[in-house]
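S.K.: Here it is: the structure, laid out below.
In my numbering, the protein residues as written are 733 to 1368.
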């Protein structure tokens, strides 16, 4: 490791004395009352952080920056290519808007510990809604805008909110999605009925209001401001929940990941300068959605805690209007960092493989690109490095963890990049590779990636009102460890390699093989834009791998020729043991709205098992296209 990196020193300091490490990190935020105990191993399911402390997340994200002289600095830069609108919201304006909305919530009966569900598109009011809840000690639960009524109902029923904050519609390229009918149906289906719904009317599709339940958002806030209403920040316990976020693709009773307030603020405050290498006053862009954990941590709380300007983008990497959108936004906002999903980058590369649309945009202030949400294949990373000329940093984390488990800490001095690895564990994360019996494996041996307890500040302490399910889902398989359900290995330098979910490890004639490793090979082909590999049930070998590939724009050779080359490439790189004989060219891959490929559903289709359309899918028609492709080959 280079002498310039302070990572070894930081990780060693945490290993030596975790409580002192996190006590020092906690100085980066304002406390109403310091913690009595940094870590109490007897509290909660596996222990709790900053017990006895009192804090307010909204004060730390907004008010203290106004008091510290940043009132005129932009807190939010709103970019909406789908509506053609932009807004610059200063920290002072954000404070006033949040305080007024918080007063409206109080008037609707919301207090400390009450829940509020948000069903919002990527508009500034989504952020003010989250912060208004945090301001008065309420617990917010954001549901991705446009989620099906049944799924929204399940979350309303589980969280039991007093109020729902919603917009009348969301806007996608070429279509407008009316949210209000979905919300009305969800309220009808749910056994719990909110006392009130506050509706943000968007001009693209205004909604009718239900008498006695619904309020007009703009009118309510304007009335509160005219009356001089401004709710103060309410202190909460560090161990009180800041939000509940339901994991995508759940069946039955949803799993609500709980995020406690104090530990989350401390972890994010540490990550912004040390991991992402950004300074207060700089512009930080996370191109995700507030409906996902990435949006919670690095659109809203992380950048604002650190006094940065955060970019809120209501658009797509391609199609709004083209594959140059990201580069335009970076240039116009002066963003020093972009954090996005590998699938977004693959979409850009597919449409503009030579990065011609980057030309003419001034990216001189841009320093680093961070990728997460799924495995970043080495070929995509190498392409981004070549066209951008800046470090491209893969990092690994989950909804449950709240912030990265493994990363390349740019702020501490970047470590050498190894393509295919999100680099090394961050302080707080003791990552081990375990076999099926829970025994640690040596370097370069594939197994389950697990984290030795206790989990660090910022990680989930439990599931919402489901301690037993939390233990069963995450802690029971390997006692003393949190089971990530990701498969991978550590190399001899301690670098982490995440090869896929444990159910993405397929067994071919007794050989355990990683579909992620095969995807690496397929993605290295110059004609392939993106790909996915699944294991299909096989009577002889148990499972047989099948690759789905999307070709780059402008590829002139026939799919059959490329498919034959891909089969040969996997045989050459991985060997005959992979038994890779089938590559299918498809127009697109089925994905969730966060960009994750729905490999599990694809496998059910191929195995001729019953399957349903997941609620998180971006476009359900893609699954029918996949089924048709498999049927053509006699596989569905």
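Note that the Cβ used here is the ideal one computed from N, Cα and C, for glycine as well.
Treat the numbers as computed from the prediction; the structure is a model and nothing was measured.
1. Does residue 904 have its Cβ less than 8 Å from a Cβ in chain D?
2. Work out the CA separation of residue 1094 and residue 737 for me, nearest whole Å.
3. Under 8 Å by Cβ, that's how I've got residue 1069 and residue 1010 pegged, so tell me the actual separation to the nearest angstrom.
4. Starting from the C-beta of residue 1049, find all residues in its chain whose C-beta is less than 8 Å away, skip the five residues before and the five after it, and write them out in chain order.
5. Kindly identify the DSSP beta-bridge partner or partners of residue 1016.
6. Among 754, 769, 931, 1237, whose alpha-carbon lies nearest the alpha-carbon of residue 836?
7. Should residue 1323 and residue 1329 be called a contact, given that it needs their Cβ atoms to be closer than 8 Å?
8. Quick check on residue 974: buried or exposed, where buried means 16 or more other Cβ atoms within 10 Å of its Cβ?
9. Give the list of continuous alpha helix (DSSP H) stretches no shorter than 4 residues that lie fully inside the stretch 1242-1304.
10. I need the boundaries of the alpha helix (DSSP H) containing residue 998, first residue and last residue.
11. With H, G and I counted as helix, E and B as strand and the rest as coil, what does DSSP make of residue 1167?
12. So what's residue 988 in DSSP terms, helix, strand or just coil?
13. Kindly indicate which three-state DSSP category residue 1093 falls into: helix, strand or coil?
14. Relative to the C-alpha of residue 1157, which candidate in 774, 1003, 1315 has its C-alpha closest?
15. If we ignore side chains and look at the alpha-carbon of each, how far apart do residue 743 and residue 1154 end up?
16. Given a cut-off of 8 Å, decide if residue 1267 and residue 1306 are closer than it, judged by their beta-carbon atoms.
17. Flag this pair as yes or no: are the beta carbons of residue 1106 and residue 1074 separated by less than 8 Å?
18. Would you report the Cα separation of residue 1349 and residue 1368, rounded to the nearest angstrom?
19. Looking only at its chain, what residues have a beta carbon closer than 6 Å to the beta carbon of residue 1262, apart from the 5 residues adjacent to it on each side?
20. Contact between the stretch 870-879 and the stretch 834-851 is defined here as three or more beta-carbon pairs at a separation below 8 Å; is this criterion met?
21. DSSP state of residue 1199, grouped into three classes?
22. Rank 918, 925, 748, 913 by C-alpha distance to the C-alpha of residue 941 and give the top, closest one.
23. So what does DSSP say about residue 1365, is it helix, strand or coil?
24. Going by DSSP, what residue range makes up the beta strand (DSSP E) through residue 908?
25. DSSP three-state label for residue 879, please.
26. How is the beta strand (DSSP E) around residue 839 delimited, first residue to last?
27. Decide if residue 983 is buried, meaning its Cβ has at least 16 other Cβ atoms within 10 Å, or exposed.
28. Where does residue 856 sit, in a helix, a strand or coil, going by DSSP?
29. Where residue 1257 and residue 1284 are concerned, what is the direct C-alpha to C-alpha distance, given to the nearest angstrom?
30. Name the DSSP beta bridge partners of residue 928, please?
31. Determine whether the beta carbon atoms of residue 1182 and residue 1234 lie at a separation below 8 Å.
32. Please confirm whether residue 1221 and residue 1302 have their CB atoms less than 8 Å apart.
33. Roughly how many angstroms separate the alpha carbons of residue 861 and residue 762, rounded to a whole number?
34. How would you label residue 954, buried or exposed, when you count the other beta carbons within 10 angstroms and need 16 or more for buried?
35. Where does the unbroken alpha helix (DSSP H) through residue 1119 begin, and where does it stop?
36. Are the CB atoms of residue 759 and residue 784 within a distance shorter than 8 Å?
M.R.: Checking against the coordinates, here is how it stands:
1. As a matter of chain content, chain D is missing from the structure shown, which is built from one protein chain.
2. Cα-Cα distance, rounded: 29 Å.
3. Sure, about 6 Å apart at Cβ, within 8 Å.
4. So the qualifying residues of the chain are 1019, 1055, 1057, 1058, 1072, 1076, 1077, 1079, 1080.
5. DSSP lists 1042, 1069 as partners of residue 1016.
6. Nearest of 754, 769, 931, 1237 to residue 836, Cα basis: 931.
7. Yes, they are a contact pair.
8. Burial call: buried.
9. 1247-1255, all fully within the stretch 1242-1304.
10. Element bounds for residue 998: 993-1006.
11. Coil.
12. Reduced to three states, the DSSP call for residue 988 is strand.
13. Secondary structure at residue 1093: coil, using DSSP grouped into helix, strand and coil.
14. Nearest of 774, 1003, 1315 to residue 1157, Cα basis: 1003.
15. Distance from the CA of residue 743 to the CA of residue 1154, rounded to the nearest whole angstrom, comes to 16 Å.
16. No, they are not a contact pair.
17. Against a cut-off of 8 Å, the Cβ pair of residue 1074 and residue 1106 comes out as a contact.
18. Each residue's Cα considered, the two are about 21 Å apart.
19. So the qualifying residues of the chain are 1078, 1282.
20. Inter-segment contact for the stretch 870-879 and the stretch 834-851 is present: three or more beta-carbon pairs are separated by less than 8 Å.
21. When DSSP states are grouped into helix, strand and coil, residue 1199 belongs to the helix group.
22. Ranking the options by Cα distance to residue 941, first place goes to 913.
23. Coil, per DSSP.
24. In the DSSP assignment, residue 908 falls within the unbroken beta strand (DSSP E) covering 907-910.
25. Coil at residue 879, not helix or strand.
26. Residue 839: not part of any beta strand (DSSP E); member of the alpha helix (DSSP H) spanning 823-839, first to last residue.
27. Note that residue 983 scores 47 on pLDDT, short of 50, meaning its location in the model is unreliable; the coordinates nonetheless yield the value given after this. By the 10 Å Cβ count, residue 983 comes out exposed.
28. In the three-state DSSP reduction, residue 856 falls in the helix class (H, G or I).
29. In this structure, the straight-line span from the alpha carbon of residue 1257 to that of residue 1284 is close to 10 Å.
30. 895.
31. Contact flag unset, no.
32. Contact flag unset, no.
33. As the crow flies, the alpha-carbon of residue 861 is around 22 Å from that of residue 762.
34. That one is exposed.
35. Per DSSP, the unbroken alpha helix (DSSP H) holding residue 1119 starts and ends at 1110-1120.
36. Not a contact, by the Cβ cut-off of 8 Å.
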